[in-house]
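Residue numbers (the numbering used here): 657 to 1071.
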Amino acid sequence: MKKIVILGSGAGGTMCAAKLRRELGRDWEITIIDNDEMHHYQPGWLFIPFGIYTAKDCQKPKRDFIPPGVNFILDEVVGVNPDKRVVECEKGKYDYDYLIVATGCHPVPEEVEGLENWKPDSKSNEHTFFTLESACALYKRMKYFEKGKMIFNIAEMPHKCPVVPMEFIFMADWFFAKNGCRDNIEIEFVTPNTGIFTKPIATKVMTATAEEKEILVTPNFDLDTVNTEEKYIESARGDKINYDLFISTMPNLGADYIENSGMGDGMGYVLTDHHTLQAEKYENIYVVGDATNVPTSKAGSVAHYEADIIVENLLLEIDGKDPKPSFDGHSTCFIVSGYDKAFLFDFNYKTEPLPGKFPFPGIGPFELVGESNANYWGKMMFKWVYWNLLLSGQEMPLEPQMAMAGKHWPKVETE
């Protein structure tokens, strides 16, 4: 019997399993290996600090989403031997014909000087929300933060979902205004990038929004040290910024065993062909979601688009055909801006976010680049779509390749 092994049952791994199980006959054995029984709706972590979602809203048993006919192994992966096509776990070994790596990434605050012993603590002044526990701790801290300076820091690139930092600062502006203390709180966005975002058109729109909300943006700040006693952060070139509440993406890394396997890029991400999504050194290995080193967002929409490409290419290989280099880096991201409004960006490797309608050209109902109430409700509706449609691999009106129909380049102002 032929075997496909999937490492990780997050969004990417689960979608690949569901789609492959429907397409392949019973002469193919599909196995998912993971070390956690609970599936986490990671986009929901953003909303926990503001009291919009709870921990219960953001997790369900993984076995609820593992398709019938797919083996689910609860075990800790300790190594992969790509040459022998074997995955080694604490409880056993598993051979494969094809491997899908869906191991994700995780924050590593200990990589920052001053945060070596950091743990989620509601009484602390240093926080992140990129785990369930840290999001819940930040909720308790935000609840009673009524005066002072809040910094949101991008520690380094890459990190989970590049638009989330903008969402957080915009929602913080709304949250503190709702609580009647916005006038007593400074909000500063500190980033190593040259601006608030990495795409010019989106940067212009997001910068204007930050200015309207009186949020200071400090670019070109490479985080080096966090002084938790005196409450300031310091850059590699010695610039210092004081804070009362420090929130950060923290550095992010992939799985340790990825590096030990020879597949890694030095940060635990798999060296991945940007278009076929095969591991660069091993044609029988595909990579999905945050585990890749492809230059696009580490976001759920990307994992969805990548899963479609991976399944198509794996089936082509099984039929003796060459995989298609068809992934274009497509990413679709809602950016909640507070007050029941949101922006929506749709972009890929080569094309930045452009104005238009999504997902149906000229119809929408969502507004690209622009801000709208419909976009906000699209974001909030996504949790239901995620649990009920995406994880089960249902067909969606969203193509892996970015469509240009209905989009237009904005007019350039001339003097």
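Cβ atoms here follow ideal geometry from the backbone N, Cα and C, with glycine treated the same way.
For V882, the enclosing beta strand (DSSP E) begins and ends at 879-883.
For K1035, the enclosing alpha helix (DSSP H) begins and ends at 1029-1041.
Less than 8 Å divides the Cβ of V882 from the Cβ of V768.
Taken atom to atom, the span from the alpha-carbon of V1041 to that of E886 is near 45 Å. For D690, the uninterrupted beta strand (DSSP E) run begins and ends at 684-690, by DSSP. Around the beta-carbon of V734, fewer than 16 other beta-carbon atoms lie within 10 Å, marking it exposed. Separation of D1002 and T787 (C-alpha to C-alpha, rounded to the nearest whole angstrom) is 26 Å. Contiguous beta strand (DSSP E) elements confined to the region 962-1001 occur at 987-994, taking only those with 3 or more residues. As the crow flies, the alpha-carbon of I903 is around 46 Å from that of W684. Contact between the region 968-982 and the region 1003-1011 is absent, with fewer than three C-beta pairs closer than 8 Å. Excluding five sequence positions before and after P856, the CB atoms of its chain that fall closer than 8 Å to its own CB belong to E1008, given in chain order. L771: not part of any alpha helix (DSSP H); DSSP gives it neither H nor E. Your pair I897 and T874 checks out as a contact, with CB atoms roughly 7 Å apart and the cut at 8 Å. Boundaries around G668 are those of the alpha helix (DSSP H), 667-679, since no beta strand (DSSP E) includes it.
Counting every other CB atom within 10 Å of its CB across the protein chains shown gives P717 a total below 16, marking it as exposed. Counting only residues of its own chain and dropping the five nearest sequence neighbours on each side, E802 has a CB closer than 6 Å to the CB of C837. In the DSSP assignment, D751 falls within the beta strand (DSSP E) that extends over 749-751.
Look at H783 here: in three-state DSSP terms it is strand.
The three-state secondary structure of F721, taken from DSSP, is coil. Sequence-distant Cβ neighbours of I965 in its own chain, meaning closer than 7 Å and more than five residues away, are L933, S982, F983, P1056. For S987, the CB contacts under 8 Å within the same chain, skipping 5 residues up- and downstream, are T952, S953, A955, S957, V958, Y961, F1001, D1002, F1003, N1004 in chain order. One alpha carbon belongs to P814, the other to N940, and they sit about 26 Å apart.
Minimum Cα-Cα distance from E746 among the listed residues Y938, A667, D731, A858 corresponds to D731. If you ignore the 5 residues before and after R677, its C-beta comes within less than 7 Å of the C-beta of I686, P723, G725, V726, all in its own chain and listed in chain order. Nearest Cα to E1051 within the set M671, V861, S917, D713: M671.
Counting along the chain, no beta strand (DSSP E) covers S1048, and no H or E run does either.
Taking the Cα of P907 as reference, the smallest distance to any Cα among P818, Y697, H930 is reached at P818. For Y942, the uninterrupted beta strand (DSSP E) segment begins and ends at 938-943.
Cβ-Cβ distances below 8 Å link K937 to P738, G918, M919, L927 in the same chain, with the five nearest sequence neighbours on each side left out; the list follows chain order. Contact check for I841 against F832 passes: the beta carbons are separated by less than 8 Å. Judged by DSSP in its simplified three-state form, P1015 adopts strand. Per DSSP, reduced to three states, the secondary structure at C745 is strand.
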